[in-house]
Amino acid sequence: MGCKVNVGGCGTVLALGVTAWGAILSSESDERFGVAEDASAIPVQQRRRLPAFTRNVLQCALPLLRDRPGTPVVLSSPNGDLDSTVTLLSDIARNELLSPSLFGLSVHNAPLGALSLSIEGPGDQISIGGDTATLSAGLVEAWAQLTTGEASSIVLVHADERLSGLYADLDEATPGVFIAMTLALVGDGGEGVVVTPGRTGALAVVNALRAGQTRLTFSPPRLDALAA
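With this note's numbering applied, the sequence shown has no gaps in its numbers, which climb one by one up to 511 at the end.
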């Protein structure tokens with residue numbers, strides 16, 4: 284099933300088509316949708332050392348990339364693997380030695396590194412963080428690469444896990460959202476589901492895809508600011 288994503292800004296509406304997708308919603312347990320796989324699909328030697336955040340990214344993205352060598356990937360995430368980061372900061376506060384492996388797995392582009400080790404012929408990769416506008420920023424990056432001819436299709440992975448531990452009281456009552464989408468340029472079209480900021484906006488994208496929606500629309504905040 285195809286799904287069109289419109290990117291609007293500065294009075295212009297742009298379109299991206301979602302040709303395949305997989306998603307995981309995480310709360311007390313994980314729910315998989317679309318082509319998202321079970322964690323057992325990740326090579327066992329790699330799976331055992333990966334934190335849950337990175338495993339969820341791979342479970343959504345691997346099905347879209349295994350048979351498409353050279354496909355570029357954009358990872359958008361507002362906080363990255365916050366649990367691993369908090370663990371490292373807590374170790375520093377206790378004057379304990381940091382785990383080199385955990386540090387390597389906590390950086391913002393670590394899931395893309397793990398992804399490239401799980402497929403043959405990985406393409407270009409970029410990681411983006413943009414607060415509540417992170418999903419929009421990822422879509423803009425994907426659209427830019429497609430329109431400049433750098434790629435004929437691209438995979439966007441958005442990862443926004445729930446806040447836990449020290450930050451749990453600051454979190455919103457929304458499950459964690461992990462979604463991977465294969466995107467390609469399509470022609471202009473009509474109105475569609477509006478993508479709103481934050482994790483609730485990402486959850487709306489998942490629910491729209493599950494419901495068979497064919498078009499999503501949003502306005503990149505930065506372009507709106509330039510137009511003001």
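Each residue gets a CB set at the ideal place from its N, CA and C atoms; glycine is no exception. The structure displayed is predicted, hence computed values, not measured ones.
Rounded to whole angstroms, how far is the Cβ of Leu365 from the Cβ of Leu453, which I believe are closer than 8 Å?
That pair is no contact at about 11 Å.
Please list the terminal residues of the continuous alpha helix (DSSP H) segment that includes Gly421.
From DSSP, the alpha helix (DSSP H) with Gly421 extends over 417 to 430.
Which residues mark the beginning and the end of the beta strand (DSSP E) in which Arg315 is found?
It spans 313 to 317 - the beta strand (DSSP E) in which Arg315 sits, taken as one unbroken run.
Would you call Asp350 buried or exposed, if buried means 16 or more other Cβ atoms sit within 10 Å of its Cβ?
exposed
Specify the secondary structure class of Met284 as computed by DSSP and reduced to three states.
Residue placement at Met284 is flagged as unreliable, the pLDDT there being 44, under the threshold of 50; the coordinate-derived value follows with that caveat. In the structure shown, the three-state DSSP call for Met284 is coil.
Starting from the C-beta of Ile325, find all residues in its chain whose C-beta is less than 8 Å away, skip the five residues before and the five after it, and write them out in chain order.
Leu333, Arg338, Leu341, Gln342, Leu345, Ser401
Which ranges does the alpha helix (DSSP H) cover as unbroken runs of at least 4 residues, wholly within the segment 313 to 369, from first to last along the chain?
327 to 330, 335 to 348
With the cut-off set at 8 Å, would you say Gly481 and Thr415 are in Cβ contact?
yes
Bridge partner(s) assigned by DSSP for Thr465:
Ala303, Val438
Does the structure place the segment 431 to 446 close enough to the segment 454 to 467 that three or more beta carbon pairs sit under 8 Å?
yes
Can you tell me whether Leu395 is buried or exposed? The criterion is at least 16 other CB atoms within 10 Å of its CB, across all chains shown.
Leu395 should be labelled buried.
Indicate the three-state DSSP secondary structure (helix, strand or coil) for Leu446 in the structure shown.
coil
Rounded distance between the beta-carbons of Leu347 and Gly305, thought under 8 Å
Between Leu347 and Gly305 the Cβ distance is about 7 Å, and since that is below 8 Å, they are a contact.
Work out the CA separation of Tyr450 and Ser389 for me, nearest whole Å.
17 Å
Residues near Glu403 by beta carbon distance below 7 Å, same chain, minus five either side:
Pro352
Does DSSP classify Gly396 as helix, strand or coil?
helix
Taking only three categories from DSSP, how would you classify Leu371?
helix
Would you give the residue range spanned by the beta strand (DSSP E) that Ser410 belongs to?
Segment 408 to 411, the beta strand (DSSP E) holding Ser410.
Throw me the rounded Cβ distance for the Val460 and Val489 pair, which I believe falls under 8 Å.
6 Å
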